[in-house]
Every structure is written in C-alpha cells, then in structure tokens.
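Engineer:
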DNA sequence: CATTATACCTTGTATAACAAGGTATAATGT
DNA sequence: ACATTATACCTTGTTATACAAGGTATAATG
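Chains as they are written, first to last, in the UniProt record's numbering: chain P, 1 to 124; chain D, 1 to 124.
#1: Check the Cβ-Cβ distances between residue 67(D) and every residue of chain P, and say whether any is below 8 Å.
#2: Could you please give me the residues that DSSP links to residue 72(D) through a beta bridge?
#3: Which residues does DSSP list as the beta-bridge partners of residue 33(P)?
#4: Would you mind stating whether residue 25(P) and residue 93(P) have Cβ atoms separated by less than 8 Å?
#5: By the 10 Å Cβ neighbour count, where 16 or more other Cβ atoms means buried, how is residue 84(D) classified, buried or exposed?
#6: With a threshold of 8 Å between beta carbons, is residue 27(D) in contact with chain P?
#7: Indicate whether at least one CB of chain D lies closer than 8 Å to the CB of residue 87(P).
#8: Residues of chain P with CB closer than 8 Å to the CB of residue 17(D), please, in chain order.
#9: Assign residue 68(P) to one of two classes, buried (16 or more other C-beta atoms within 10 Å of its C-beta) or exposed (fewer than that).
#10: Run through DSSP, which three-state label would residue 110(P) get?
#11: Is it true that the CB of residue 23(D) sits closer than 8 Å to the CB of residue 105(P)?
#12: With a threshold of 8 Å between beta-carbons, can residue 48(P) be considered close to chain D, or not?
#13: Evaluate residue 97(P) with the Cβ neighbour count: other Cβ atoms within 10 Å of its Cβ, from every protein chain shown; 16 or more gives buried, anything less gives exposed.
#14: For residue 61(D), count neighbouring Cβ atoms within 10 angstroms of its own Cβ and tell me buried if that reaches 16, exposed if not.
Given below as structure tokens:
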C-alpha cells in the first residue's frame, strides 16, 4: 500500500486544475508550438508535468473557445504536426487570467502570513 | 445570454479547486473557528468567497483525513456551534502544501515572465 | 517485416466546487 | 400565541476536468 505518495500527489492534481489553462496560455505566449513540444516545455517545471491525456483535450477546449489556433504544418522531412498559437482573444484572456492569478497569490499569501489568534481585520 | 460573466467565473471556480484545502488549513492555523465564522473570514478575500455547500463537505474531508478536529461547544447563550481546529497532522500538512504552493507560484511566474520566441532554457 | 519512435486522439473514472435545497432552534414582530 | 426572520449545520445532484490507459497512423530502424 504505497499510499503516502498518492495522497501527496492528489493535492498536486487538484492544484493543476484551474492553473493549467493559465499555464498553457502563458506557454504559448509569443511561441508557436506543436503538442509534444509544448508538453516537453511544461515538463521543465515541477508544477506542470502533465500527460497527453490532459494536454490534448485542454487544447481542444482552448481552440473551441477561440483562444488558440491549430494548424497542421509539415516542417521539412518530418511528419505533419499540429501547431498551436494564441489568438488575440487568447492573448487578452491570458492578461485577464493572469490578473486573477496575481490576486489569488496575494490573497493566499495574506492568509498564510497571518496566523491567529487575531481578528485578521484591516490592520497595519 | 449573460454568458461573459459566467465564462469569467468558471476560471475562478477551477482555480479554487486545489487551493481551497490550503486556504482552509491556513485560515485555521492558530485559530479555532466554527463553520459560518470561517466562512465570513474567507469572504474577506476575493479569491476565497465560497458557499456553505462547498465549506461543509470540505471540512468533512479534512476531518476524515485527520487534519482537523470538530467539536460541538456552547458559548454562553448562543446555540451550539461546531468548532474546528488544526491537528498536528493538519499543521504538518499545511507546511507541506504551503511549500507546494510556493513552488507552483514560482513555476507559473517563471512561465509568465518568459514569453517566446525563445528556447526558455537555462538562461540568465 | 517486426519493432521502435513520433505524433495525435479517445474513453472511462475520480474528484471537488457549486446551486439549491433541507432541518432545527432561537430571537423578533404583531 | 404564532408567524417571520436569523443563525447554524447538512445533503443532493450537476458539472468540469485531470488522469491513466488505451488507441491510430506513419516513418525510420534492425
């Protein structure tokens, strides 16, 4: 029963829910990448080590919502690859979600920095 | 078709998934609060405006996992209230999840701060 | 011609936030 | 007295999404 690591990673999975959209939009900001290339980029960070089963449906959603474009292209000798890029709508969305993210970071850090017992009111 | 606000708030909902456990543990750090009191505290922050239908099942999970204790207590004339407090396990969990959170903030900020086109390798 | 590597896609499962309801009791209004 | 409101906790059904585990197709290699 290797359960302790499972319990740990369950938090990670839930943390990814909700940040992954932001993460993929940010990764595509100023870049045009195909699926596995994007996946490799995200594997450089502990927080964003996702699998293909997560990435492709996510990209489908982003495309469906008009936030990214998808385009098959053949680069030289390689097999065709589907390249994703931000639309202007996606770029705006990235800005909006990024602001939300900064707000969340601020709020949560405030909570972390103010343990009780105390009113946790408007001090300073 | 009041859809634009709905689309905005969908991101918020998903962002809460995965941060709420951390948030509630942090809120209970050094405090002993009953349900609605905890709810009011969380309503002071934009990111953590949740409802009772979210809070009570969440507290049940935390209790089931041994991270918090729940205790009915009657304070003077008021009706009995269920007071929640961190266990030592919960305190340790808060530390662990807090570290994970800092890692996530660091990773995501790195992604946000490094738009392409660029390898996004080990620069500096 | 079997195997491996690359690249994309699909299905089923589990989790968690939420809206919308519910119960019970104390305080207040008329 | 009795209806209403406020407080406090709880439950059910819906929805979204990350993931494991599978699948398809093609090109290069043994």
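C-beta: ideal position from N, C-alpha, C; glycine also.
Structural biologist: On the basis of the data shown:
#1: no
#2: DSSP, once it has assigned bridges, lists 82(D) as partnering residue 72(D).
#3: 84(P)
#4: yes
#5: Residue 84(D) is buried by the Cβ-count criterion.
#6: yes
#7: no
#8: 14, 17 and 18
#9: buried
#10: helix
#11: It is not a contact, given that the beta carbons lie outside the stated cut-off.
#12: yes
#13: buried
#14: exposed
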